[in-house]
Structure formats: structure tokens, C-alpha cells
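Take a look at the structure below.
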Amino acid sequence: MDTFIAEIHDLSKTCSCQNEHNEIPIESIVAESGALNKVAPFLTKKSFKYPKIVADANTMKAAGDKLAELLKADGIKVTSCHITPDENGDVVADEKALVQVLLETGKTSDVMIAVGSGTIHDITRFCSATLNIPFISVPTAPSVDGFTSLGAPLIVRGEKKTFQMTSPIAVFADIDVLKNAPKEMIAAGVGDVIAKYTSLADWKFERYAANAPYCELSAEITQLTLDECVNNIEKIAAADEEGIIILIESLIKSGIAMLVFGQSHPASGGEHHLSHYWEMDLLKNNRPQVLHGAKVGVTTILLSSIYKTKFLADLENILNNPAIQENHEQLLVNIRENKEKIKQIIQEIPDPADTRKLMESLGGPVTPEELGITDALVQESLKHAHNLRDRYTVLKFLNEVLQTEYDYAAKA
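To convert, note that position 11 of the sequence shown is 11 in full-length UniProt numbering; the numbers rise steadily by one, no gaps.
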């Protein structure tokens, strides 16, 4: 994948979007069997002597213990920080976890190694930037697309907030580790990929409706990774080497699309806002957490239906409603001028029934009920989740302009 990084670096220099692109500081991405064996030579090449592995009990068993042995065998003085789970047994990217890692890493470590999936990476990313030392990514499950991005979504005072921090300097994704990940985490990885159906639609809508910054390069990378994953879903479901390589590379490339643009717009729209809202509610009520990819897979199915029925089907009436025109004149001018483009954007979102079948083929959840999310929470999140981020999604338009009423329970 190092060739991919070089290609994107060159393309970003000639991209016509006129946004300032971020440099890609990732020096190497290794996604192959035995990738763990290449960590020690990389550390030696970079003159790192005191790495700190950040992991939890499960990810230490999956890869951390073996990695520590390999590093010690090369004479590298590695230490580990095992993040303490909460009372539900969940590792949460909150203030407690951040303080633990910051204190245990201290001033002697010269590089951090995130051994885990999304939460471990979010914690490590924040602490790495705070301590001003680099970090290396060692995924233990192909479950999220945030391995290579800048963003660290954290729970701060009970609210989900994303901080733009730093990306890893290298990624070592060992397929021998990843293909043994629990099936639900593989399904979650696909859920995070198919979330691009609605995140890209939201970003394109925001571009035309609210004149938001947009990058064709980042959008194209995201679309290509989505297509690659969906077109090979049977191989991914089989969890063989080829399928897992396709999935982890899709997730890594999606993260790079966010890294280049500098924000998560390509991969995170209304579906992620709903997911964040649910996560905050679970924490507030001291309930066990649900995999991020499982949540956004479900919310993508949910919003795909809403965008097609509540927005697309009624677009002409929306544009011709005098009351809406009076209060949102410039917004409607933008939408009217780009009406055909916006219609096409929503039409291109796959039928939610097809997305549902795709997730079912992996054994993934397809309804909020399967995640333990109540009808009342679904209704509440549909009305308020858009407030979590300052982005002009279709969901935000439905709520702030149309004051849409949702009737999720009637569909259940």
C-alpha cells in the first residue's frame, strides 16, 4: 500500500478543489500475513528504543503479547499500558482512559503503539499528540476506518466530541491476526464502510445546499473503497485472507481520504451522528457499549429510507412551499439551482432493503432493536442528533427546515 500513499500524495498536489490538503505522514503500510514481524525492524530503522504498547486485555491476547515478545527479542525495551475497562467491561475513550495512558506513558517512551481497534486508536491518537511523540497502528480487527485518520472521537463530560490530532507514522495490519477477529467485528468493519452511502450523500448535499468545502479526490477515494468492499462481500464474509485484505485496505484507504481532506466529512454524516447519540445515551444509562460499525450499519439503513421518503419524494413540494421560502431563502435558492444534482445524489443511495441483505449476509445487525436501542431513543436521536456536529446534512435540513416528524415505531 505504500504505492497508494505515493499516488495520493501526488494527486493531492494537483487536485482542483482549492482546499489545503494535509500531507500524509504515514511512512509505511503493511497489510499482509506476518506483518507483526516487521514492527521491530521499523522501530530500529527509526531509532526508537522505548515503545509503549497501548492495548486492553483482549487485544493483548490477540496481538500485543506476541508483539512484545518480538520486540524484546530484538533488544527493544518495550512496556505496555493495559487500559482499565469500565464497570460494564467496556474500554471507553473517555477522560479516565486518557489520564491512565498519559500517566503510564510518561516521559521515557519515544513512540506509542496502538494495538487494538477503534477505541484503542482514538485513545492512543490523542495521547500521542498530547505527549508530542509519534504512534504506530497495529489493528487487531478490521472493524473501523479510523486507523489512519486524524480524528479522535472521545467522550468528554458525557458528550461525544471529535478532536483533530495526528495520524500514525506506520500501520502494520497482520492478516493472521485480523482473520481471527470475531465475526461481529468483521461485520462492523463492513458497516463502517457502507456508512459511506449516506456520508457521501450528506457531504455532496452540503456542498450544493450550503456551499461547504468539498474535495473530489477524497470523495473519489471513499467511493472506490466502498465499491471495492461491496463488490467483494462474499470473500469478506468468508473471512479468508483475500477477503480480509480487501476489507482492511478499504478501511485504511477511507481513513486516508479523511486525512487528506483534514476532516471526517467523506466518511461521517448523519448516520454517524445518530450512532454518537446512541453511544452517549448508553453511557449515560450505564449500559454496555455496541460496536461502532454495528451502529453505523444500522443507522445507514435507517437514514437511506428516510432520505428517500422524507426528502427526495417530497422535494418539489419543499421547493414550492412559501413558508419555507420565506425563512430559508438562500438555502432554497442553492437547492433549486442544484436540484437535479441533489436528486441524483439521493437516488444513488442504494435501496435500504439491498443494504439490509448485504449486512445480513455477514451476520450483522440491521435494526436498532438488535442493538438494544429502543424506539423512543431512535425517535429522539432522529430529532436531535444533527446538533452534535456543525454539518449541513440532509438530516439537519429535515429537522431545521421541514421540522419533520418521524414515526419509527409504526415501521418496526
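For each residue, glycine too, the CB sits at the ideal point set by N, CA and C.
Predicted model only: the values in this text are computed from it and were never measured.
Residue of the options minimising C-alpha distance to residue i
i, options, result
"S117", "G189, L224 and Y307", "G189"
"H272", "V260, N285 and G293", "G293"
"K107", "P51, S33, P153 and D2", "P51"
"L382", "E370, L103 and K396", "K396"
"L70", "D94, P41 and T59", "P41"
"S250", "Q263, D390 and A195", "A195"
"D407", "K310, K339, N317 and R389", "K310"
"V78", "K66, I256, N88 and D86", "K66"
"E380", "Y392, G364, W203 and N399", "N399"
"S109", "L154, N132 and I155", "N132"
"E228", "K204, E20 and K253", "K253"
"T222", "L43, L36, T162 and G146", "G146"
"residue 445", "Q289, W203 and I245", "This structure cannot speak to residue 445, because the chain is shown only from 1 to 412."
"N327", "V401, S264, P153 and L358", "V401"
"Y21", "V30, L11 and I29", "One point to set straight first is that residue 21 is His, not Tyr, in the sequence displayed. Here the closest residue by C-alpha is L11."
C-alpha distance - residue i paired with residue j, whole-angstrom precision
i, j, result
"K308", "K160", "28 Å"
"S80", "P142", "22 Å"
"V378", "E360", "21 Å"
"A323", "E329", "10 Å"
"S16", "Q344", "22 Å"
"G243", "T140", "16 Å"
"residue 417", "V138", "A question about residue 417 goes unanswered here, because the residues of the chain that appear run from 1 up to 412."
"A238", "D176", "14 Å"
"C127", "F135", "9 Å"
"A129", "Y277", "26 Å"
One or two residues paired with residue i in a DSSP bridge
i, result
"G116", "P139"
"residue 415", "This structure cannot settle anything about residue 415, because the visible part of the chain is limited to 1 through 412."
"G151", "Q164"
"E159", "V156"
"V30", "F172"
"I53", "S80 and I113"
"D94", "I155"
Inter-residue CB distance, residue i and residue j (contact presumed, cutoff 8 Å)
i, j, result
"N334", "A212", "In fact, because the Cβ distance is near 11 Å, the residues do not count as touching under 8 Å."
"I236", "L247", "5 Å"
"E241", "K179", "6 Å"
"L150", "L259", "6 Å"
"V171", "I113", "The pair is not a contact, with the Cβ atoms about 11 Å apart (cut-off 8 Å)."
"L362", "A187", "4 Å"
"L358", "I233", "6 Å"
Backbone secondary structure at residue i - three-state DSSP
i, result
"T79", "strand"
"D164", "The question names Asp, yet the displayed sequence has Gln at residue 164. Correct three-state label for Q164: strand."
"A267", "coil"
"F48", "coil"
"R336", "helix"
"C229", "helix"
"S254", "helix"
"V144", "coil"
"R287", "coil"
Closer than 6 Å: residue i CB and nearest the ligand PLP heavy atom
i, result
"K308", "Here there are no bound small molecules, and the ligand PLP is not part of this structure."
Residue i at chain D interface by Cβ criterion, 7 Å
i, result
"V394", "Here there is only one protein chain, and chain D is not present."
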